[in-house]
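Presented below is the structure to which this report refers.
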Ligand code: ADP
């Protein structure tokens, strides 16, 4: 069975086509600048030349059509006809409290995703456009939706409630939802396989450190607490997001600098974090380079970034009453040995000892970077959200009798 995985944004769309018999990626690519005259489709497939096509793609329906044309292209394609796409799986950022797991798309599911637009106004409408575009191009093909928030729906109220008047939760569903759930779920399972111990016995802290960054306490295979909140702004310091701050700063900034609500929102999401403190960049690589060239601000930014991660690990070790393994994943977590070592050097009180040599080694496989006698295993596990989306889609389609 071939599963097409789609991550649809407002002006871009990423795709991967999986052959689920062997769980291998047959082709992948992205469409950028949807809605413009010069949209770009980049595509690569095993054993074929990479290609890049510029054309006018005014909406998501046309974007999906172009992707399907490319997948069946004589030179660059991997399928003979579009009938060989057996199912489509979509990444959806926000599933609110309605979705605790992945589901097949039905009219009710679409209605519910629309109801959640308020909670993720930038993301969910764009995902809906992807679903509709697939329906128009492949009306007979089953679609599944996989939510970033679903894995975190196991959090107890003590973790997900905010200490503000209850009316906000009851009326507006203001609570912690958490994000990166698909990734955390995937790497937790990989960590359990790697350690040869069942998830039901493990206390893990998963640090998903990419452009967006979060820490999650995974207790016996379930999300117990996570650092992102009602939106992905809370928690760790990120490339351009502030993470935690005293909420009184918002009203103070509005008063002192005469900012509008939109401006404050934009300041905290796009002009804060590593970028604001270093004054250089929101990209860890560039911050490290500036730090190595003597920038004090870059050094401060990097140390704050690592310290925030360390504090969350400590907090989650306390809330689970222990930790068996610490797992690093995503762009920064998988690639920056310096960040991992900076985070871990303050965690020796947990009996955690990093093996400096193993930390520096590179691999695209799950691996341990702690010493043999470390009381806490430290792992680097490459994440693969697309594979998990493909697996869930495959499972749901096979489980449903009429397909
Ligand atoms: P996203 O959150 O967009 O999915 P990724 O998980 O792909 O992001 O992470 C992207 C980030 O990874 C980039 O911002 C980049 O700073 C970071 N990154 C990639 N390689 C390295 C590296 N060698 N050292 C530090 N950071 C890296």
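Numbering (UniProt numbering), first residue to last: 1 to 403. Even for Gly, the Cβ is constructed at its ideal location relative to N, Cα and C.
Proximity annotation: the ligand ADP has residues 210, 211, 212, 239, 283, 284, 285, 330, 331, 332, 335, 336 in chain order, each selected because its CB is closer than 6 Å to a heavy atom of the ligand. Rounded to whole angstroms, residue 103 and residue 237 show a C-alpha spacing of 32 Å.
The alpha-carbon of residue 80 is positioned some 14 Å away from that of residue 1.
Each of 257, 143, 266, 138 was checked against the Cα of residue 241, and the nearest Cα belongs to 266. Just measuring C-alpha positions, the residue of 168, 328, 290 sitting nearest residue 184 is 328.
Ranked by Cα distance from residue 206, the options 175, 17, 74, 179 are led by 179. By the 16-neighbour rule on beta-carbons within 10 angstroms, residue 377 is buried.
DSSP links residue 36 through a beta bridge to 57. Per the Cβ contact rule, the region 155 to 167 is not in contact with the region 286 to 299 (fewer than 3 Cβ pairs under 8 Å). With a threshold of 16 other beta carbon atoms within 10 Å, residue 308 meets it and is buried. Residue 146 carries a strand assignment under DSSP once its states are collapsed to helix, strand and coil.
Counted as a single uninterrupted DSSP element, the stretch harbouring residue 110 is not any beta strand (DSSP E) but the alpha helix (DSSP H) occupying residues 107 to 115. In this structure, the CA atom of residue 386 is about 17 Å from the CA atom of residue 95. Taken atom to atom, the span from the alpha-carbon of residue 360 to that of residue 347 is near 18 Å. Look at residue 100 here: in three-state DSSP terms it is coil, with no helix or strand label. Bounds of the alpha helix (DSSP H) holding residue 285 are 284 to 292. Only buried fits residue 397, as 16 or more other CB atoms lie within 10 angstroms of its CB. Under the criterion of beta carbons closer than 8 Å, residue 90 and residue 3 do not qualify as touching, at roughly 11 Å. Per DSSP, residue 376 is not a residue of any alpha helix (DSSP H), being assigned neither H nor E. By the C-beta density criterion, residue 63 is buried, having at least 16 other C-beta atoms within 10 angstroms.
Each residue's CA atom was taken as its position, placing residue 87 and residue 217 some 33 Å apart. Taking C-alpha positions only, residue 8 is separated from residue 128 by approximately 8 Å. Annotation for residue 154: 222, 223 place their beta carbon closer than 6 Å to its own, counting only its chain and skipping 5 residues before and after.
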